[in-house]
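*Asks:* Quick one: structure below, then a few questions.
There are 4 protein chains.
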Amino acid sequence: MSAPVSMKDYENSARKKLPKSVWVYYSTGADNEQTLSDNCNAFSRYRLRPRVLNDVSKVNLGSTVLGTPIDFPVCIAATGMHKMAHPMGEIAVVKAAESMKIGYMQSIWATTSIEDVTAAAPDAIRWFQLYIYKDREITKQLVKRAERLGYRGFFLSVDTPVFGVPYGLRTTFSLPPNLSYENFKDLDISDGLADGESKHDLAERVASMVNPSMQWSDIAWLKSITNLPIVLKGILTGEMAKRAVKENVDGILVSNHGARQFDGVPATIDVLREIVQAVDGKCEVYMDGGVRNGTDVIKAIAFGAKAVFIGRPVLWGLAHNGQEGVRHILEMLRVEFKTALQLIGNKEQSKNY
Amino acid sequence: MSAPVSMKDYENSARKKLPKSVWVYYSTGADNEQTLSDNCNAFSRYRLRPRVLNDVSKVNLGSTVLGTPIDFPVCIAATGMHKMAHPMGEIAVVKAAESMKIGYMQSIWATTSIEDVTAAAPDAIRWFQLYIYKDREITKQLVKRAERLGYRGFFLSVDTPVFGVPYGLRTTFSLPPNLSYENFKDLDISDGLADGESKHDLAERVASMVNPSMQWSDIAWLKSITNLPIVLKGILTGEMAKRAVKENVDGILVSNHGARQFDGVPATIDVLREIVQAVDGKCEVYMDGGVRNGTDVIKAIAFGAKAVFIGRPVLWGLAHNGQEGVRHILEMLRVEFKTALQLIGNKEQSKNY
Amino acid sequence: MSAPVSMKDYENSARKKLPKSVWVYYSTGADNEQTLSDNCNAFSRYRLRPRVLNDVSKVNLGSTVLGTPIDFPVCIAATGMHKMAHPMGEIAVVKAAESMKIGYMQSIWATTSIEDVTAAAPDAIRWFQLYIYKDREITKQLVKRAERLGYRGFFLSVDTPVFGVPYGLRTTFSLPPNLSYENFKDLDISDGLADGESKHDLAERVASMVNPSMQWSDIAWLKSITNLPIVLKGILTGEMAKRAVKENVDGILVSNHGARQFDGVPATIDVLREIVQAVDGKCEVYMDGGVRNGTDVIKAIAFGAKAVFIGRPVLWGLAHNGQEGVRHILEMLRVEFKTALQLIGNKEQSKNY
Amino acid sequence: MSAPVSMKDYENSARKKLPKSVWVYYSTGADNEQTLSDNCNAFSRYRLRPRVLNDVSKVNLGSTVLGTPIDFPVCIAATGMHKMAHPMGEIAVVKAAESMKIGYMQSIWATTSIEDVTAAAPDAIRWFQLYIYKDREITKQLVKRAERLGYRGFFLSVDTPVFGVPYGLRTTFSLPPNLSYENFKDLDISDGLADGESKHDLAERVASMVNPSMQWSDIAWLKSITNLPIVLKGILTGEMAKRAVKENVDGILVSNHGARQFDGVPATIDVLREIVQAVDGKCEVYMDGGVRNGTDVIKAIAFGAKAVFIGRPVLWGLAHNGQEGVRHILEMLRVEFKTALQLIGNKEQSKNY
């Protein structure tokens, strides 16, 4: 195979290189995968209207997320267990993000701890994706560790009170035995080990807990234990966005969890405008879901997103050749976004086109 | 083949296990099968809008049909001749329904009599699907027997004054010789046997009669001979639903007969709202047609149905491995419905999402 | 192959039985065949809304065309050169129509003369499709002959001032040498034979003439030479229908010439309502194009057509086994139409459903 | 293969005859090629509404572009490097245009100079497509040469401040070594050769320059150095069309650059009406993109275009057999357009149908 020159090439390479079970884990969506395919297809429902004959010799690609400048408005979404895709795992990904000067959102289910990620890429813009566990002490310890390590904010997943089961994963999936959920390894958990449970088992058990009783009042609690910005990840309607604004969140990530949890929810680009309008400037709005080209980025920005996040494409680049692959994915999107910005005729990013 | 984990798996298994003529009989729709495929596809025209951060640790899956509580809002629709799919036939199906605490609607064309079904599953919630025959005595005897056996209501088919011929059945179909329409076997039919006709032949003849002169005034007659609730099965428009309400029916089953009779009628989910609005709370509304996932159930409930009924999936489970297969089909829908309810963020079933 | 039981079966049989050039001639549409496929597909854009619980034990299938009763509202459209499909050609078709008591529209390009058709099926309801030629004498002779033979009206083609070239016929098509355009054989043409032209050649030449200068004033002329009813064949817009009414025509056949001439015009069922509304009862309206099922007939009747005409299906039946095949095609549509009428719950044909 | 009788035949022939890299260069569109396929498909969203019974024995196919009469409203769009398709290259194309009495737009990237093109076809209606380079002297020399050679106007490309990269060209494309950009060969460029650069290298370098700082004020400059008409090529919105009118341009070519630069922009036929309405008669409007049939031409003319331009079809004809192929392509469109005009019932071209 010749060197990949497009997202499709990377996807095809990853499909070939990854063990089948890992490929299925990464690529699958919920139920009939209607929303999975719609996430990508929905972009084609919107048309670009170029302004011609502006001077576009200089364009400003930069944006900011939660006050931090990024070189271009594409950041890395939390996806789990990167060591399944490449031995360097999360380290490869965060270093690619660092080198491109864009943001990296670490998954709570990382196979590398936030400490090791920080040590490997101290200058990277890092955020931490997490849940509020029933045992709030767990959440508190994770928050405090992230604060000490210079993480710049939290993306709280609000769309998974329970797990939906992706169609391809109806048969059991489990983390390969040589890997572990590193963020939970050294937790000092108040209720301790269960009978006959090793510390490694405990980490897996805790990681797999989600909290069906999580509710709006938990946001206030989270704000009470940290001054870092908080973004709600997984909002899909204007009503929920307005409710989030009431809690004084710093941002909303419009996301359907990569269409992995709940088939039948809208494609994210289809609800982005509704949410931006509902928020009315009172917090930042980002989106993930189906972004594959620079023109997808343009459309999200045009609808009011400060940045987009990419998930599966990062895994494809990682599977192909680690840090270099992830970096190339980002470079392609950067070049395509720049070209799109010039072809649509905007010197400055703006939602006015 | 590994154990089935989805509706699709069961459908594929049934396609392989059943004799071709039986598969064709079960799977076929009328004419071009436009409505057949639309019944399923139509669900994807509606999008789910999740409410996040509600406490969904406890959700109530239950509903009621005609006053009888059911554990979750999926019941078994009348489909014919179950012994063609599995030797245990209707017995396997009703026992699966009994074990899951949901309702079982018995077809008039069952290959097991209502007496035998009742003996096998006395605690099952049972309803009886029937026609009003030209010879009302036939209907009366069926009604009286069902009453004595503890059936809880009647689903009167109003959409088949004549039979449409499913495309795949343009060549002759006939019941295998070792099976018979058991509900008609012991009828005491006033006009007796035709010349040279055996009692078995008579049962087949009567079963195959439908009544093109059935009309609204027949509803009043049926109400005059029984106090059990009456549901009209096969309503597809708001006008007809309003007319049914005038007759003081207890419920309406929005159904297009599995798209077997009349190609070109709407997908049921597409007309459910219209009918719920027309009925305006004056009787219960249910639907069948194309339900394959928990999210389909959620959508039907959201549009105002008290319960959905499933037809072909039951036959697939039955063909795969009898009672166990039917039970697994129901369990999958139960789990999926519960997950969907939690992911859409509703503690209580409600049409308000 | 087993005996055909559907339109699709007949189409497949014809594809196999006919010489390729003849199959291409009959099946092809103009350019990209967008309108060709749309003619059929458009029917699926309309949904049937059944009325239940009417007494449909007796339904009246009959209709009238230009005052002549027909047994059910499906007639035979003019299609050319039937002897290419079967040695009995037009004779087989008209006898099938006669036996089913529906109308037969004879093509000007028939390979059997109107005299021979009349002799073979004197009781058939016969109409004659024609053009107004530049040499009006030709048209006049044809009209007078048809009048003498008991034809009941004329369908004047108004949609072909020139021929569009069906895509599949860009290479030359010509009538097989053993056949001829019989209606032109004995014309007494005023300007006589061209140099070296045989009478047979002359017939072919005249038949292939169409008249690009035909105009509205020609209708008045045609009315001046005959008292038989006149139907305009090939109207596709409300404006044209209103214009036709001004000329006191007796009927309008909504038709796009089987999508053979002009790709990109609307499917006929899509414009039928517009035309019926424009006509406002001032003449009869019929349609052809894409009718393949009884439900298609129901939809056309519901939109206000007095009858539909079928073209290609007749050729398929003819190719399969002559008169018997054509008759079976008609019988299938009759049964399907009757069933559809009963399932939609109408005792009488009416556009009110 | 038999002689081609349709666009599709020519496309298939070109696919077979051309070296793969050339075929990819000509046929590819940007990114996912959504706009590429939409350019053609969009035409099928519009339906033709025939007027019948007009005298169409005489129809006027002619139109004018920038005051110059053309025999029918189909001209040749600028496409690059014709010698890659056929040894006679641009000469073959311009001679075909000359023989058909329609206009020829020469690409700045021609492999034949405007001098040689003019010598070969002095009577052809010739226009010149160009850019305004940063070094305005280059543009000025090109303009002056074209003026001297009798070119009748300029099509200024305004949609390519930078190059988008067609998906199929992500790997490097370069002009075959035996060809060169002839229009740049004899430029007298003020800043001269770079170190070690040959004159041939210089031509390639200059040709590959586009100017991201090009802006509206450049139009005034261009008008200041020439009295020939100026058409802006690559307008896709009504806003831009209005802005162009303010600069007193002579025409607008609605174009998305053959969908090669910017995926996600609208199909040209979809925006043509918007632009014609915005322009409100103050300059001429043309379109290119997806024209393959006479009915496509009819639709563009009906929406207000004075003429359409064709790109890839010319390359297909050229690849098949040079001048003869291009001429046949044009002849097919001429015949199809004439037929369409007669079938839609218009004696005169008019946007009123």
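Protein chains in written order, with our numbering: chain R, 3 to 355; chain H, 3 to 355; chain Y, 3 to 355; chain V, 3 to 355.
Ideal Cβ placement from N, Cα and C applies to all residues, glycine included.
Out of curiosity, what's the CA-to-CA distance linking Y:F264 and Y:N34?
*Replies:* 10 Å
*Asks:* Distance cutoff 7 Å, beta carbons only. Does H:G266 sit that close to anything in chain Y?
*Replies:* yes
*Asks:* Rounded to a whole number of angstroms, what is the C-alpha to C-alpha distance between R:I127 and R:A222?
*Replies:* Cα-Cα distance, rounded: 25 Å.
*Asks:* Between which two residues does the beta strand (DSSP E) holding R:D57 run?
*Replies:* Counting along the chain, R:D57 falls outside any beta strand (DSSP E), and DSSP gives it neither H nor E.
*Asks:* With distances taken from CA atoms, which of H:T141, H:G166, H:W129, H:N14 is nearest Y:E338?
*Replies:* H:G166
*Asks:* State the CB to CB distance for the pair Y:K235 and Y:L158, rounded to an integer number of angstroms; the pair is presumed to be in contact (CB under 8 Å).
*Replies:* 6 Å
*Asks:* Residues of the segment 224-242 of chain H in Cβ contact with chain Y at a cutoff of 8 Å, in chain order, please.
*Replies:* L234, G236, I237, L238, T239, E241, M242
*Asks:* Leaving out the 5 sequence neighbours to the left and right, which residues in its chain are closer than 6 Å to R:T120 when beta-carbon positions are compared?
*Replies:* So the list reads L151, once near-sequence residues are dropped.
*Asks:* Among R:I140, R:A246, R:I72, whose alpha-carbon lies nearest the alpha-carbon of R:K187?
*Replies:* R:I140
*Asks:* So, helix, strand or coil for R:R128, using DSSP?
*Replies:* Residue state, collapsed to three classes: strand.
*Asks:* One question on the structure: do H:A388 and H:T297 come within less than 7 Å of each other, judged by their Cβ atoms?
*Replies:* Residue coverage of chain H in this structure runs from 3 to 355, which leaves residue 388 of chain H outside it and unanswerable.
*Asks:* Tell me, which residues are paired with H:S159 by DSSP?
*Replies:* According to DSSP, H:S159 bridges with H:K235.
*Asks:* Taking 7 Å as the CB-CB cut-off, is R:K353 touching chain H?
*Replies:* Its pLDDT being 49, under 50, R:K353 is placed unreliably by the model, and the measurement read from it follows with that caveat. So no, R:K353 is outside the interface.
*Asks:* Select from R:F156, R:N185, R:N295, R:S210 the residue whose C-alpha is nearest the C-alpha of R:T228.
*Replies:* R:F156
*Asks:* Specify, as a first and last residue, the run of the alpha helix (DSSP H) that V:P21 falls within.
*Replies:* Taken as a continuous stretch (DSSP letters only), V:P21 belongs to no alpha helix (DSSP H), as it is neither H nor E.
*Asks:* Report all residues from its chain with a CB closer than 6 Å to the CB of R:G260; omit the five preceding and five following residues, and keep chain order.
*Replies:* G313
*Asks:* Mind listing the chain R neighbours of V:M289? Cutoff is C-beta to C-beta under 9 Å, in chain order.
*Replies:* Chain R residues near V:M289: none, gap ~16 Å exceeds 9 Å.
*Asks:* Could you check the C-alpha separation between R:R294 and R:K301 for me, to the nearest Å?
*Replies:* So the alpha carbons of these two residues sit roughly 12 Å apart.
*Asks:* Going by CA-CA distance only, name the one from Y:A307, Y:K22, Y:D57, Y:P231 that's closest to Y:M86.
*Replies:* Y:K22
*Asks:* Whole-angstrom Cβ separation of H:V287 and H:K308, contact assumed at under 8 Å?
*Replies:* 7 Å
*Asks:* Quick check on DSSP: helix, strand or coil for V:C42?
*Replies:* helix
*Asks:* On the three-state DSSP scale, how would you describe Y:S65?
*Replies:* strand
*Asks:* List, in chain order, every chain H residue whose beta-carbon is nearer than 8 Å to that of R:V160.
*Replies:* Going along chain H in sequence order, the residues near R:V160 (Cβ under 8 Å) are V54, L55.
*Asks:* Between the Cα of Y:K10 and the Cα atoms of Y:P315, Y:Q325, Y:G324, which residue gives the shortest distance?
*Replies:* Y:P315
*Asks:* I want to verify the contact list: residues of chain Y whose CB lies under 7 Å from the CB of V:T297, in sequence order.
*Replies:* The contacting residues are D33, D265, G266.
*Asks:* Residues in its own chain within less than 7 Å of Y:G64 by CB, not counting five upstream and five downstream?
*Replies:* P71, I72, D73, F74
*Asks:* Any C-beta of chain H sitting closer than 7 Å to the C-beta of R:S2?
*Replies:* For residue 2 of chain R there is no data in the structure shown, the boundaries of chain R being 3 and 355.
*Asks:* Take R:F45 and list the residues in its own chain whose beta-carbon comes closer than 7 Å to its own, dropping the five residues that flank it on each side.
*Replies:* I271, G292, D298, K301
*Asks:* What's the gap between the Cα of Y:V164 and the Cα of Y:V212?
*Replies:* 6 Å
*Asks:* If you run the structure through DSSP and keep just helix, strand and coil, what is Y:E249?
*Replies:* coil
*Asks:* Do H:W111 and H:M83 have their C-beta atoms within less than 7 Å of each other?
*Replies:* yes
*Asks:* Starting from H:E286, trace the alpha helix (DSSP H) both ways and give me its first and last residue.
*Replies:* Element bounds for H:E286: not the alpha helix (DSSP H) but the beta strand (DSSP E), 286-290.
*Asks:* Please identify, using Cβ separations under 7 Å, the residues of the segment 115-148 of chain Y that lie next to chain V, in order along the chain.
*Replies:* none
*Asks:* Can you find a CB in chain V that lies within less than 7 Å of the CB of R:S15?
*Replies:* Chain V, which has no Cβ nearer than 7 Å to the Cβ of R:S15, makes this no.
*Asks:* Say yes only if the C-beta of H:A94 is nearer than 6 Å to one or more non-hydrogen atoms of the ligand HEM, and no if none qualify.
*Replies:* As for the ligand HEM, it is missing from this structure, which has no ligand bound.
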